[in-house]
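Written out below as structure tokens is the structure these notes cover.
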């Protein structure tokens with residue numbers, strides 16, 4: 193059973209809010225990395241950083257979708 197299914201209603205809502213904030217943060221990091229791309233001399237390192245943050249955001253978005261579905265199920 194996923195961890196979020198064991199959360200109380202209040203804790204689930206708080207976790208959903210926190211995940212949304214994390215996703216916004218990842219979006220800002222990716223935007224900053226893309227903007228600062230000219231400063232990276234090593235294309236591979238730059239791409240690795242961008243890919244890492246894009247992957248993290250995708251994972252958070254998948255978790256958020258599941259948590260929101262759980263919240264709708266509880267209503």
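In the working numbering, the protein residues as written are 193 to 267. Positions of the beta carbon are idealized from the N, C-alpha and C atoms, including for glycine. Since we're looking at a predicted model, the values are computed, not measured.
Q) Between the segment 198-212 and the segment 234-246, are three or more C-beta pairs nearer than 8 Å? A) no
Q. Within 10 angstroms of its Cβ, does residue 252 collect 16 or more other Cβ (buried), or is it exposed?
A. buried
Q) Looking only at C-alpha atoms, which of 207, 235 and 245 sits nearest to residue 220? A) 245
Q. When the Cα atoms are used, what is the spatial distance from residue 227 to residue 265?
A. 40 Å
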